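**Q** So for the sequence shown, this note's numbering puts the first residue at 1; every next one is plus one.
In this text, a Cβ means the ideal position worked out from N, Cα and C, and glycines have one as well.
All of these numbers come straight from a predicted model, not from anything done at the bench.
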Amino acid sequence: MLSSFGVEFEAINVDADPAALEELRRLGVPLVPAVAVGDRVVHGWNPKGVAELVGVAYVERVRLQPVELVDRLDRILVAAQRALRQVPPDKLELKSPERDRTVRQLGYHLFRLSVAFPLAVEQNRLPEEWLTEPAPPFLSDGDALARYGEGVRARLAEWYHQAPGESFDWVVDTSCGPQTVWDLLERTAWHAAQHLRQLYALLERIGITPDRPLTGTDFAGLPLPTSLW
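#1: Per DSSP, what kind of secondary structure is T188 in: helix, strand or coil?
#2: From this set, Y148, A146, G165 and W130, which residue's C-alpha is nearest T174's C-alpha?
#3: Need the endpoints of the alpha helix (DSSP H) that D318 sits in, please.
#4: Give the DSSP bridge partners of S96, in chain order.
#5: Going by other Cβ atoms of all chains shown within 10 Å of its Cβ, with 16 needed for buried, is T217 buried or exposed?
#6: Going by the CB atoms, is the gap between L84 and R142 shorter than 9 Å?
#7: Please identify the residue among E133, L94 and D90 whose C-alpha is closest to the C-alpha of Y239.
#8: Compare the Cα-Cα distances from A144 to each of Q81, W229 and A57 and report the closest residue.
#9: Out of E93, V56 and R72, which has the shortest C-alpha to C-alpha gap to L222?
#10: Check whether chain D comes within 9 Å of P225, counting only Cβ atoms and requiring the distance to be less than that.
#11: Less than 8 Å between C-beta atoms, sequence neighbours within five positions excluded: which residues of the same chain meet that for L202?
#12: For H191, count the other beta carbons within 10 Å of its own beta carbon; 16 or more makes it buried, fewer makes it exposed. Which is it?
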């Protein structure tokens with residue numbers, strides 16, 4: 001995001017620097033991504049707030065409509081299922097140098113953050129603790145993770161078909177402040193898309209070509225970061 005604003009910055013990997021994460025928590029932001037200038041900090045899910053923090057003009061973009069976001073998120077989940085089924089069992093614990101998270105944990109996290117969305121709407125609070133949960137032992141291979149993902153897809157479809165039209169204007173509490181359901185749905189879709197891109201990169205590192213990968217067209221309109229990690 002800062003790169004797209006033309007702002008120079010120092011990137012800090014909190015996995016490698018736990019003290020940096022503790023400092024963010026002291027400043028009131030429990031999760032990354034975040035941008036800090038001195039003692040002022042804004043969560044990375046808030047692009048307008050980030051722009052104000054670093055002193056650049058923010059131009060509101062045209063957002064995808066909720067019906068399109070729901071479709072995109074489902075496509076992303078299906079693509080993640082395909083990718084995870086390709087991972088050999090002995091490669092599921094592979095980690096990238098950029099992040100302290102295995103392929104298995106990444107796949108689970110992608111599905112978990114997605115299923116947190118309907119629960120957030122129902123409870124008026126995003127269960128942020130779900131975003132840091134480790135994958136349970138029984139999800140021990142790619143097929144098991146993909147089956148879990150199928151349950152997530154079913155849960156999202158059930159919510160969408162039952163949700164009243166005005167539900168996208170409702171407000172949900174999150175760690176970065178109140179967000180409309182529409183905002184949170186967009187955040188969920190691009191968050192999942194970013195992790196799908198990372199999953200593709202990890203597959204390629206072990207010599208596996210992703211099966212029918214999503215392309216730029218599938219990601220168009222989602223506010224994805226320029227950087228992969």
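**A** The relevant details are as follows:
#1: Numbered from its first residue, the sequence shown carries residue 188 at position 188. Of the three classes helix, strand and coil, the one that applies to T188 here is helix, per DSSP.
#2: Here residue 174 is taken as the residue at index 174 of the sequence shown, counted from 1. The shortest Cα separation from T174 among Y148, A146, G165 and W130 belongs to W130.
#3: Beyond the ends of the chain as shown, which are 1 and 229, falls residue 318; an answer cannot be given.
#4: As a first step, residue 96 must be located in the sequence shown, where it is residue number 96. BP columns for S96 point to R99.
#5: Here residue 217 is taken as the residue at index 217 of the sequence shown, counted from 1. Burial call: exposed.
#6: Taking the first residue of the sequence shown as position 1, residue 142 is located at position 142. Taking the first residue of the sequence shown as position 1, residue 84 is located at position 84. The sequence given here places Gly at residue 142; Arg does not occur at that position. In contact: G142 and L84 (Cβ atoms closer than 9 Å).
#7: The structure shown does not extend to residue 239, since the chain spans only 1 to 229, so no value can be given for it.
#8: Against the sequence shown, residue 144 aligns to sequence position 144. Distance from the Cα of A144 is smallest, within the candidate group Q81, W229 and A57, for Q81.
#9: Here the question's residue 222 lines up with position 222 in the sequence shown. Of E93, V56 and R72, the residue nearest in Cα terms is R72.
#10: Reference to chain D is not applicable here, since this structure consists of a single protein chain.
#11: As a first step, residue 202 is located in the sequence shown; it is residue number 202 there, counting from the start. Non-local beta-carbon contacts of L202 in its own chain, meaning distances under 8 Å to residues more than five positions away in sequence, involve L94, S96, V103 and L106 in chain order.
#12: Taking the first residue of the sequence shown as position 1, residue 191 is located at position 191. With 16 or more other Cβ atoms within 10 Å, it is buried.
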